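Inspection log for the structure reproduced underneath, given as structure tokens.
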Amino acid sequence: MKVLIIGGVAAGTKTAAKLKRQMQDAEVTIVTKDKNISYAGCGLPYYVGNVIKEKEALIVNTPEKFADLTGVKVITETEVKKVDPRMKKVEAVNALGAVAYEYDKLVIATGASPVKPPIKGIDLDGVFCMRTPDDAFDIKDYIKANQCQRAVVIGGGFIGLEVAENLRRMDLKVTVIDMADQVMPGFSRDFADYFADHLSGLGIKVMTGRKVEGIEGTDKPEKVLTDKKGAKADIVVLSIGIRANTAFLEGSGVELMPNRTVKVNEFMETSVKDIYAVGDCVTVWNRYTKQSQWSPMGSTANMEGRVCAKNLAGSKTVYEGVLGTAVCHLPGMNIGKTGFTEETAKAAGFDPVSVTIVTDDKAHYYPGAGTFIIKVIADKDSRKFLGVEVLGSGAVDKVVDVGVTALTLKGDIDSLDNMDMAYAPPFSTAIHPFVLAIQILKNKMDGTMESITPKEFADGVCTGYKIIDASITPAIEGAAYVDPSTVHGILPEFGTDEKLLLVCTKGKRAYLLQNKLRYYGYRKTKVLESGTTFNGVDIK
Numbered sequence: 043m044k045v046l047i048i049g050g051v052a053a054g055t056k057t058a059a060k061l062k063r064q065m066q067d068a069e070v071t072i073v074t075k076d077k078n079i080s081y082a083g084c085g086l087p088y089y090v091g092n093v094i095k096e097k098e099a100l101i102v103n104t105p106e107k108f109a110d111l112t113g114v115k116v117i118t119e120t121e122v123k124k125v126d127p128r129m130k131k132v133e134a135v136n137a138l139g140a141v142a143y144e145y146d147k148l149v150i151a152t153g154a155s156p157v158k159p160p161i162k163g164i165d166l167d168g169v170f171c172m173r174t175p176d177d178a179f180d181i182k183d184y185i186k187a188n189q190c191q192r193a194v195v196i197g198g199g200f201i202g203l204e205v206a207e208n209l210r211r212m213d214l215k216v217t218v219i220d221m222a223d224q225v226m227p228g229f230s231r232d233f234a235d236y237f238a239d240h241l242s243g244l245g246i247k248v249m250t251g252r253k254v255e256g257i258e259g260t261d262k263p264e265k266v267l268t269d270k271k272g273a274k275a276d277i278v279v280l281s282i283g284i285r286a287n288t289a290f291l292e293g294s295g296v297e298l299m300p301n302r303t304v305k306v307n308e309f310m311e312t313s314v315k316d317i318y319a320v321g322d323c324v325t326v327w328n329r330y331t332k333q334s335q336w337s338p339m340g341s342t343a344n345m346e347g348r349v350c351a352k353n354l355a356g357s358k359t360v361y362e363g364v365l366g367t368a369v370c371h372l373p374g375m376n377i378g379k380t381g382f383t384e385e386t387a388k389a390a391g392f393d394p395v396s397v398t399i400v401t402d403d404k405a406h407y408y409p410g411a412g413t414f415i416i417k418v419i420a421d422k423d424s425r426k427f428l429g430v431e432v433l434g435s436g437a438v439d440k441v442v443d444v445g446v447t448a449l450t451l452k453g454d455i456d457s458l459d460n461m462d463m464a465y466a467p468p469f470s471t472a473i474h475p476f477v478l479a480i481q482i483l484k485n486k487m488d489g490t491m492e493s494i495t496p497k498e499f500a501d502g503v504c505t506g507y508k509i510i511d512a513s514i515t516p517a518i519e520g521a522a523y524v525d526p527s528t529v530h531g532i533l534p535e536f537g538t539d540e541k542l543l544l545v546c547t548k549g550k551r552a553y554l555l556q557n558k559l560r561y562y563g564y565r566k567t568k569v570l571e572s573g574t575t576f577n578g579v580d581i582k
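Mapping of the sequence shown onto my numbering: residues 43 to 582, in sequence order.
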């Protein structure tokens, strides 16, 4: 069998390598327009920031090494221009001219390219994208050659923020500009805003809700112009988004989605017989709801490639879909998520209930212990677990990955309680942070705790409530202070019918106070979830 794969990064090379392991006698060829294959795209920002010091570390496999290791033929610097399913061939061009390749099975793994808006100054020297190793090399060289001091990153998604972090490592003054009203699309607004505040503390200025209108400069960037206030820049890095590389499929009969990605079925087959597609150029579906979802991630690409290869080899293997899992690292703060936010859960037809907690990430007395802020979400009626978001200085991925497992198995919050998770002081708390969050969500849903979320607090839901400070020591200027350990009856200064918002540093002491007050007849108290750690509480 002659298998032709167009594209040689994560999805293409994974498909090729797995297929050769399944079918040693298959004739597998990769054709790619790049000179590199199988490079570490997710590691590119860290080369710019000197975290990864050697260029060679970014190249996972050279074409020669990959061919020797797998038996796959690799043809580089050759761009496919047309696919002819009837003749089962593709037409391409390289430095020598036109060339054609025949196939029995074709795999489209052409990935996606950075979006470059048609604005003034977009083609100035010093304006870069971050997609290939050459981009990273060029950015680092340009900073050194031009002694850059100020950088603007356009786009506040994962790659944009990782670029911003690493430009800051190079001692540049960095501004992130995004047209959306928050950074980190896919996260709840409150988590994104908290993260943006953290960036500001690192010296990275964040400007959201700004439409970029041009880049000012004669030979190189001097200022990025927006519909509001602009930002000075010696270098500009575009991280606005990506667009699937599928233009060459015009006239092939391969069905595309509205965003121009390839539509595939659960076997990674396209609408045309014997043509498959994988990676950033395809739209798959949400594993939970089965609704279409684009997931241009290296992890997704590798899993799709593996499934595709098994099906090419004759096994009917189903790709189950994605959950929107993501994780990002910045100095002093990691952030991760999987599943739904309240907003996306509502859009999917659920009635979501959430709780946001603050907890230790390991035994509090163990050296290096830090804090997690965790939000968990469940459906009110079915009690199905729907999603988790977490941020903190430690291993947020361990919380996220438990959430992935729970979603994959479609667990409910009752089945996730009291899970026998790994515990020792260097690794976790006695009750695992994820399990603790589930228990507190159960308390809320069962009425044991009455609370308001950070979003509700920001939206003014508790207007008219008196704020009670329940911290270890008074921490909210102007608020009445009540130590839960001193409460043994009705509080003389507060009637049992008064509306009281109970606040402490993390939320735990406020809950203890609520529990006592309810015993003594107080029925109109609310706990502010995650306390002053996550919320700005001011008495006006």
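Even for Gly, the Cβ is constructed at its ideal location relative to N, Cα and C.
Since we're looking at a predicted model, the values are computed, not measured.
In the displayed model, residue 547 falls within coil according to three-state DSSP, outside both helix and strand. Listed in chain order, the non-local C-beta contacts of residue 377 below 6 Å within the same chain comprise 237, 370, 433, local neighbours out to five positions each way being set aside. Residue 207 sits away from residue 166, with the two beta carbons spaced by 9 Å or more. In the DSSP assignment, residue 353 falls within the alpha helix (DSSP H) that extends over 340-354.
Residue 573 counts as buried, since no fewer than 16 other beta carbons sit within 10 angstroms of its beta carbon. When secondary structure is reduced to three states using DSSP, residue 554 falls in the helix class. If you compare the alpha carbons of 147, 258, 100 with that of residue 162, the shortest gap goes to 258.
Look at residue 335 here: in three-state DSSP terms it is strand. For residue 145, the closest of 385, 119, 72, 120 by C-alpha to C-alpha distance is 72. Residue 392 sits in coil when the DSSP states are folded into three classes, being neither helix nor strand. Exposed is the label assigned to residue 581, since fewer than 16 other Cβ atoms lie within 10 Å of its Cβ. The beta-carbon distance between residue 81 and residue 51, rounded to whole angstroms, is 7 Å. This is short enough to meet the 8 Å contact definition. The residues 494, in chain order, have a CB closer than 6 Å to that of residue 503 in the same chain once the five nearest residues on each side in sequence are set aside. A Cβ-Cβ contact shorter than 9 Å links residue 70 with residue 113. The three-state secondary structure of residue 157, taken from DSSP, is coil. Comparing C-alpha distances from residue 224 to each of 115, 250, 389, 104 shows the shortest one belongs to 250.
Out of 473, 499, 569, 498, the CA that lies nearest to the CA of residue 490 is found in 569. Taken atom to atom, the span from the alpha-carbon of residue 566 to that of residue 455 is near 26 Å. Separation of residue 164 and residue 158 (C-alpha to C-alpha, rounded to the nearest whole angstrom) is 7 Å. Going by beta carbons, residue 382 and residue 330 fall inside the 9 Å limit. Contact between residue 354 and residue 387 is absent: CB atoms are separated by about 36 Å, not below the 8 Å threshold. A contact between stretches requires three or more CB pairs, one per stretch, nearer than 8 Å, and the segment 289-299 fails this requirement with the segment 258-276. Using a Cβ distance threshold of 9 Å, residue 422 and residue 470 do not count as a contacting pair. The residues 511, 516, in chain order, have a CB closer than 7 Å to that of residue 523 in the same chain once the five nearest residues on each side in sequence are set aside. The three-state secondary structure of residue 81, taken from DSSP, is strand. Residue 234 and residue 226 have their C-alpha atoms spaced approximately 6 Å apart.
Your pair residue 310 and residue 346 checks out as a contact, with CB atoms roughly 6 Å apart and the cut at 8 Å. Leaving aside the five residues that flank residue 109 on each side, the residues in its chain whose CB is nearer than 8 Å to its CB run, in chain order, 115, 116. DSSP, reduced to helix, strand and coil, places residue 239 within a helical segment of the structure shown. For residue 455, there is no enclosing beta strand (DSSP E); the enclosing alpha helix (DSSP H) covers residues 455-458. Residue pairing by DSSP puts residue 429 in a beta bridge opposite 381, 419.
With contacts defined as CB atoms closer than 9 Å, residue 320 and residue 127 fail to qualify as a contacting pair. With a cutoff of 9 Å on beta-carbon distance, residue 430 and residue 379 are scored as near each other. For the 9 Å CB-CB criterion, residue 256 and residue 222 do not form a contact. With fewer than three CB-CB distances shorter than 8 Å, the segment 169-184 does not count as touching the segment 334-342. When DSSP states are grouped into helix, strand and coil, residue 141 belongs to the strand group.
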